[in-house]
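Colleague:
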Amino acid sequence: MSKIKNVFYKDLIWYALGTMIPMGINVIKTPIFTRHYSPEEYGYLGLVMTFFLYMSTVSYSWIAGCIWRFYNSFEKNKILNKFYSNILFLYCISSLVILFFTLIFITFYHEPLLVFNLIILCFSHFIIKELLGLFYFIIRVKGYAKLNNILLIAQVGLSFTVLLLLAFVYNFDITALISSSIIIDLLFVLSIAVYLIKTKRIKLLSFKLVHKKYLKIFTHFGSFILLSSLATLLIVSSDRYILAMYDSIENVGIYTKVYDIAQLSISALVFVFFNVINPNMNRELTHNLENADILLRKYLFAYIFTLLPFTILFSIFSKEISYLLLGEEFRNGHIIMPYVFFSAFIFGIINFNQNKLKFKNKLKIIVQILSFCFFINLILNFLFIPSFGYLGAAITTFISYIIMLILFFKADSLNFLKDKLALKSIANQLIVLLIFFIIDQLLRKIIDFNIWIAIIEGTIFLLTLGILFRKKFQALDLPV
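Heads up: the sequence shown begins at 1 in UniProt numbering, then just goes up one per residue.
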């Protein structure tokens with residue numbers, strides 16, 4: 001048990017570093033560049049990036065899903081050379097698809113010049129980024145936490161350095177945000193290729209190993225992953241286009257930036273948690289699916305018990321977070337942050353149910369639930385956004401995730417709701433967090449509240465929570 005915990009904490013530290021250091025760079029970067037570039041520029045960037053997020057989801061996300069689902073099976077059968085070759089072939093085909101749609105997009109939407117430049121750069125950014133991302137995905141599935149995060153930290157740090165040069169030395173416009181990533185990502189891809197050639201590992205890859213049998217397996221599973229990923233992305237981002245119909249491009253820019261910052265904070269914690277447990281969880285779902293609920297319940301309880309306090313505390317201090325991270329023109333957007341925090345937290349819970357259903361090959365259920373939630377989200381967006389603007393957009397996304405959570409637990413609850421001890425512990429924690437919220441609201445009425453008081457208050461809250469639930473945190477059972 002002690003050895004397992006040591007491995008868990010070792011991987012946790014590496015993934016925490018690989019998430020928190022890039023996040024810290026974003027903390028530095030965001031207030032600098034939300035002051036340097038206008039909401040209008042961020043509006044154009046947000047719309048173009050959203051288009052390429054759709055294209056990336058359609059073209060690439062399902063390939064990563066295939067790696068996640070089938071890597072352990074191919075490794076067990078000792079045919080990873082065939083696995084890698086077929087994955088690379090699918091990446092090349094998908095890149096041609098995204099090129100085709102980019103050419104169509106740029107034909108109809110190329111003014112002003114900034115938009116034209118953003119489209120060209122975003123296309124280059126995504127095809128390079130996704131290839132590098134597949135490499136990262138493989139080493140995460142293999143459990144190489146240290147290597148993954150050293151590379152990631154170096155990548156983000158170098159990109160930020162190049163960004164500063166482009167923006168303040170060479171006076172680039174907002175395209176600097178994309179160009180800096182392209183330069184470093186391309187450098188990393190070329191370096192990895194040289195390493196693979198020198199170590200002769202590139203010989204494992206050959207288009208001669210591409211076979212209809214494997215492509216059929218990947219495309220069958222991938223088609224459902226594609227539909228589910230697309231539905232999820234539509235829920236998260238389609239509101240920007242509806243907002244653009246009823247509001248100004250400046251407010252689209254504010255919403256995009258504030259939403260991304262708020263989502264990143266909780267999503268970073270979710271990312272760390274899942275990257276630590278994913279290798280063992282995937283092995284369990286691959287080789288012991290019938291008894292996997294026992295492990296999944298342990299992980300789910302640990303997830304809720306660990307991340308719920310951060311979600312609530314971030315929500316309490318959302319105004320102060322916006323003042324720390326955002327330029328003055330963006331700060332009014334803090335009102336959407338609690339909804340975004342909880343949406344990201346809920347989606348992390350849903351991942352457990354989704355993962356189980358994917359390995360049970362109940363892919364149709366996943367697509368049906370996500371499609372239904374998207375249509376509910378779309379209807380609510382048209383009802384709320386005209387009256388409430390970007391606040392309405394954030395609320396509809398939050399409501400959609402609540403509905404999604406209910407439906408996924410109905411499809412497969414992992415028997416978690418029968419675990420009375422876990423539910424009691426979560427309820428006790430919620431009571432304490434509710435008391436924290438009441439204390440915070442009283443303090444804001446009594447004293448002149450500012451960022452320093454918020455930091456002191458938040459620190460006291462976290463320390464109190466740690467002391468009250470110390471034994472529960474120490475007793476968390478997290479096999480890795």
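A virtual CB, placed ideally from N, CA and C, is assigned to each residue, including glycine. Computed from a prediction, not measured in an experiment: that's the story for all the values here.
Are there three or more Cβ pairs, one per stretch, closer than 8 Å when the segment 102-113 is compared with the segment 156-173?
Modeller: These segments do not touch.
Colleague: Tell whether a beta-carbon distance below 7 Å holds between residue 482 and residue 55.
Modeller: Beyond the ends of the chain as shown, which are 1 and 480, falls residue 482; an answer cannot be given.
Colleague: Using alpha carbons as the reference points, say which of 217, 236, 121 lies closest to residue 394.
Modeller: Among 217, 236, 121, the Cα nearest to that of residue 394 belongs to 236.
Colleague: Between 310, 375, 343, 362, which lies nearest to residue 499 when the distance is taken from Cα to Cα?
Modeller: For residue 499 there is no data in the structure shown, the boundaries of the chain being 1 and 480.
Colleague: Look at the alpha carbon of residue 427 and the alpha carbon of residue 402, and state the distance between them as a whole number of angstroms.
Modeller: Near 18 Å, if we compare the C-alpha coordinates of residue 402 and residue 427.
Colleague: Tell me where the alpha helix (DSSP H) around residue 239 begins and ends.
Modeller: Element bounds for residue 239: 239-246.
Colleague: To which residues of the same chain is residue 71 closer than 6 Å at the C-beta, ignoring the five residues directly before and after it?
Modeller: Once the five neighbours on either side are set aside, the close Cβ partners of residue 71 are 141.
Colleague: In its own chain, which residues sit with a C-beta less than 6 Å from the C-beta of residue 64, not counting the 5 before and 5 after it?
Modeller: Closer than 6 Å at the Cβ level, and outside the excluded window around residue 64, lie 137.
Colleague: If you check the beta carbons only, do residue 558 and residue 352 fall under 7 Å apart?
Modeller: The structure shown has nothing for residue 558, since the chain only spans 1 to 480.
Colleague: Just mark residue 466 as buried or exposed, buried being the case when its beta carbon has 16 or more other beta carbons within 10 Å.
Modeller: Burial call: exposed.
Colleague: Between residue 218 and residue 86, which are expected to be in contact by the criterion C-beta below 8 Å, what is the C-beta distance as a whole number of angstroms?
Modeller: Going by Cβ atoms, the distance from residue 218 to residue 86 rounds to 6 Å, so yes, they are a contact pair.
Colleague: So which of 432, 324, 411, 304 has the shortest CA-CA distance to residue 540?
Modeller: Only positions 1 to 480 of the chain appear in the structure, and residue 540 is not among them; the question remains open.
Colleague: Should residue 384 and residue 392 be called a contact, given that it needs their Cβ atoms to be closer than 7 Å?
Modeller: In contact: residue 384 and residue 392 (Cβ atoms closer than 7 Å).
Colleague: Express the C-alpha separation of residue 440 and residue 457 in angstroms, rounding to a whole number.
Modeller: C-alpha separation (whole angstroms): 8 Å.
Colleague: From residue 37 to residue 276, what does the alpha carbon distance come to, in whole angstroms?
Modeller: Rounded to the nearest angstrom, the two C-alpha atoms are 36 Å apart.
Colleague: For the segment 224-308, list the beta strand (DSSP E) runs that are entirely contained and at least 3 residues long, ordered along the chain.
Modeller: Qualifying beta strand (DSSP E) stretches: none in this window.
Colleague: So what does DSSP say about residue 326, is it helix, strand or coil?
Modeller: Three-state DSSP puts residue 326 in coil, outside helix and strand.
Colleague: Which of helix, strand or coil does DSSP assign to residue 465?
Modeller: Correct three-state label for residue 465: helix.
Colleague: With distances taken from CA atoms, which of 188, 346, 314 is nearest residue 335?
Modeller: Taking only the C-alpha atoms, the option nearest residue 335 is 314.
Colleague: Taking residue 500 as part of the alpha helix (DSSP H), name the residues at either end of that continuous run.
Modeller: Nothing can be reported for residue 500, as the shown portion of the chain is limited to 1 through 480.
Colleague: CB-CB under 6 Å to residue 50, same chain, minus the five flanking residues each way: which ones, in chain order?
Modeller: Within the same chain, residue 50 has close Cβ partners 237, 240.
Colleague: Below 7 Å between beta carbons: does that hold for residue 268 and residue 340?
Modeller: Not closer than 7 Å, so no.
Colleague: Would you call the segment 316-328 and the segment 371-391 touching, i.e. three or more CB-CB distances under 8 Å?
Modeller: No, the segment 316-328 is not in contact with the segment 371-391.
Colleague: Does DSSP classify residue 175 as helix, strand or coil?
Modeller: Residue 175 falls in the coil class under three-state DSSP.
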